[in-house]
Each structure stands twice: as C-alpha cells, then as structure tokens.
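Colleague: Residue 189 in this note's numbering sits at position 133 of the sequence shown; the count goes up by one each step and never skips.
Just so it is clear, CB atoms sit at the ideal spot from N, CA and C, and this is done for glycine as well.
Quick caveat: nothing in here was measured; it's all calculated off a predicted structure.
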Amino acid sequence: MTPLDDFKKLIALADEYDFIIASDECYSELYLNEGAPPPGLLEACAALGRHDYSRCLVFHSLSKRSNLPGLRSGFVAGDAGLIAPFKRYRTYHGCAMSLPLQHASITAWNDEAHVRANRDAYRDKFAAVAEILAPVMAFPAPEASFYLWPAVPGGNDEAFTRTLFAEEHVSVLPGSYMGREGTHGLNPGAGRVRLALVAELDATVEAARRIRRFIERSASC
C-alpha cells in the first residue's frame, strides 16, 4: 500500500516535473486490516487542499472489489482537464455496456456489505494458506490485495511453476514474469511465485496442500 505521505510527494514531483499521476486503485478495497483502509491519490489531493485534482487520475473497477471482472465496469476520476479528452477517446475507441450490465453495476457499486464480506473471505483464505505453506515457504504478510508472493525453494521460479503444474495441476505465476531487471540488475519478482487466492476456500486450501506436498516430495528426492 502507498502511504499518504508518498502520494503527497508524488504530487509535488508532478508539479515540479510536469507529469500526470495515473493511480490504479482497483485493489484499494481489498485490505486485511478492517480498521485501516489504504489512502488514495484523491484523498492526498484533498489533504493538500488540491480540490481540482490537477495532474491526478484514479482508475477503479468492480473486478476486484466485487469479484466481477467480466462486467468490465469501472470509472476514472480526477483532473477534469484530463477527463475531457479521455472521455472523447473512450467514446470513439471503447465499447458501450449493455443496459442489463449497467443496472447490475449500479447495484454492485451501491452495496458495501458484499465488499466487507469479500474482505472477510480473503482474510480466512490468507490465514488458512499461511498456516499450510509457512513451514515450507517464506513470504511477507500482505497488507492488501489477494496475492501471496512466496519464495520458491532453489530460486528458479519458472522451473518451479512448470513442475508444480505438471505434477500437482496447480497454476501459479512466476514472479520474474511480473517484473524486470532494474538499475541494479535485480528483478524484484525473481525467485518468487504469485499465488492468487481467488478460488473458494476449500479449493484454495487444497491448492496450498498440493504445493506443500510438491515441495516436501521434491526435498526428499
């Protein structure tokens, strides 16, 4: 999660160097500490008295908060001077949502109970998976989203992913595929895999058990 002070620093840099901040906040409502929701870019603008949201745009959707990626329902909010040309672009190059999907979207956006239930479900899955995998994999405890990023034994995330799927039929994503080498030659995702805990609890637990079984079997060979 991005701290509020970091957003404020970004805004100051945007003013100094004349660039636009586009903040993807589609995961912003999936946080584990119910009493500490993450701050957002527009919240930082408001704290600075920047009520025109100059140089700032936020993108949000139902795909994560409501588990409705197929609806393709979302919004962009922020600097009106940037929204106007974006709206023109979207008019000519985007697709209109059907009326039934628009009505379903209105219902989903207006309801917060299912979002809280969603967060509760992810907390249960994180707790269950952590208990199973902690003895065989090291991973940081996430503050938000629905991903775990455990380090793989041996450090080769691609080979781990391929062999895990071949032997246990569990799909994960090599962490190295999600990043690239930076100025110091390090890919922050290398040596890790991304686990998406998006299935129901029973299926998620079963997948975690298979991963642990795969690691323990490999270690004994």
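Straight-line CA distance for C112 to R106?
Modeller: Taking the first residue of the sequence shown as 1, we reach residue 112 at position 56. Taking the first residue of the sequence shown as 1, we reach residue 106 at position 50. Going from the Cα of C112 to the Cα of R106 covers about 10 Å.
Colleague: My assumption, with CB atoms under 8 Å, is that P230 sits in contact with E214. Please give the rounded CB distance.
Modeller: Position 174 of the sequence shown, counting from 1, holds the residue named residue 230. Position 158 of the sequence shown, counting from 1, holds the residue named residue 214. P230 to E214, Cβ: 5 Å. Contact.
Colleague: Compute the distance between the beta-carbons of A200 and Y83, then report whether it is under 8 Å.
Modeller: On the sequence shown, position 144 is the one that residue 200 refers to. On the sequence shown, position 27 is the one that residue 83 refers to. Yes; because the gap between Cβ atoms is below 8 Å, this pair is in contact.
Colleague: So L88 and G134 are in contact, right, with Cβ under 8 Å, and what is the actual spacing, rounded?
Modeller: Counting from 1 along the sequence shown, the entry for residue 88 is found at position 32. Counting from 1 along the sequence shown, the entry for residue 134 is found at position 78. L88 to G134, Cβ: 27 Å. No contact.
Colleague: Exposed or buried, Y109, counting other C-beta atoms within 10 Å across all chains shown (16 or more means buried)?
Modeller: Taking the sequence shown and counting its residues from 1, the one referred to as residue 109 is at position 53. Result: buried.
Colleague: Under the assumption that S79 contacts F115 (Cβ atoms under 8 Å), give the Cβ distance between them as a whole number of angstroms.
Modeller: By one-based count along the sequence shown, residue 79 stands at place 23. By one-based count along the sequence shown, residue 115 stands at place 59. Indeed, because the Cβ distance is near 7 Å, the residues count as touching under 8 Å.
Colleague: Whose C-beta lies closer than 7 Å to the C-beta of F63 among residues of the same chain, with five residues either side of it excluded?
Modeller: Along the sequence shown, read from residue 1 onward, the residue named residue 63 stands at position 7. P95, L97, A100.
Colleague: Helix, strand or coil: which one does DSSP assign to P141?
Modeller: For this step, residue 141 is matched to residue 85 along the sequence shown. Reduced to three states, the DSSP call for P141 is helix.
Colleague: Over the uninterrupted beta strand (DSSP E) stretch that includes C101, give me the two end residues.
Modeller: Taking the sequence shown and counting its residues from 1, one reaches residue 101 at position 45. Taken as a continuous stretch (DSSP letters only), C101 belongs to no beta strand (DSSP E), being part of the alpha helix (DSSP H) at 97-103.
Colleague: From this set, R128, T219, S276, which residue's C-alpha is nearest P156's C-alpha?
Modeller: In the sequence shown, the residue the question calls residue 156 occupies position 100. Taking P156 as reference, the option from R128, T219, S276 with the minimal CA-CA separation is R128.
Colleague: Please report whether the beta-carbon of Y109 lies at a distance below 8 Å from any beta-carbon of chain E.
Modeller: The structure shown contains no chain E, having only a single protein chain.
Colleague: Touch check for the stretch 202-210 and the stretch 247-254: three-plus C-beta pairs under 8 Å?
Modeller: yes
Colleague: Going by the DSSP bridge assignment, what does L251 pair with across the sheet?
Modeller: Here residue 251 is taken as the residue at index 195 of the sequence shown, counted from 1. According to DSSP, L251 bridges with L204.
Colleague: For a test of the three-state rule: what should DSSP assign to H170, helix, strand or coil?
Modeller: Against the sequence shown, residue 170 aligns to sequence position 114. Helix at H170.
Colleague: Hey, Y268 and V192: beta-carbon distance below 8 Å or not?
Modeller: As a first step, residue 268 must be located in the sequence shown, where it is residue number 212. As a first step, residue 192 must be located in the sequence shown, where it is residue number 136. Checking the sequence, you will find Arg at residue 268 rather than Tyr. Yes, these two residues count as a Cβ contact at 8 Å.
Colleague: Compare the C-alpha of N174 against each of E90, I76, A68 and name the closest.
Modeller: If you number the sequence shown from 1, residue 174 lands on position 118. The shortest Cα separation from N174 among E90, I76, A68 belongs to E90.
Colleague: Spatial neighbours of F221 within its chain, please: C-beta separation below 7 Å, excluding the five flanking residues on both sides.
Modeller: Along the sequence shown, one-based indexing puts residue 221 at 165. S227, listed in sequence order.
Colleague: In the structure shown, what three-state DSSP assignment does G130 receive?
Modeller: In the sequence shown, the residue the question calls residue 130 occupies position 74. Residue state, collapsed to three classes: strand.
Colleague: Could you round the C-beta distance between I77 and L66 to whole angstroms and report it? I think they count as a contact, below 8 Å.
Modeller: Taking the first residue of the sequence shown as 1, we reach residue 77 at position 21. Taking the first residue of the sequence shown as 1, we reach residue 66 at position 10. Yes, I77 and L66 are in contact; Cβ-Cβ is about 6 Å, under 8 Å.
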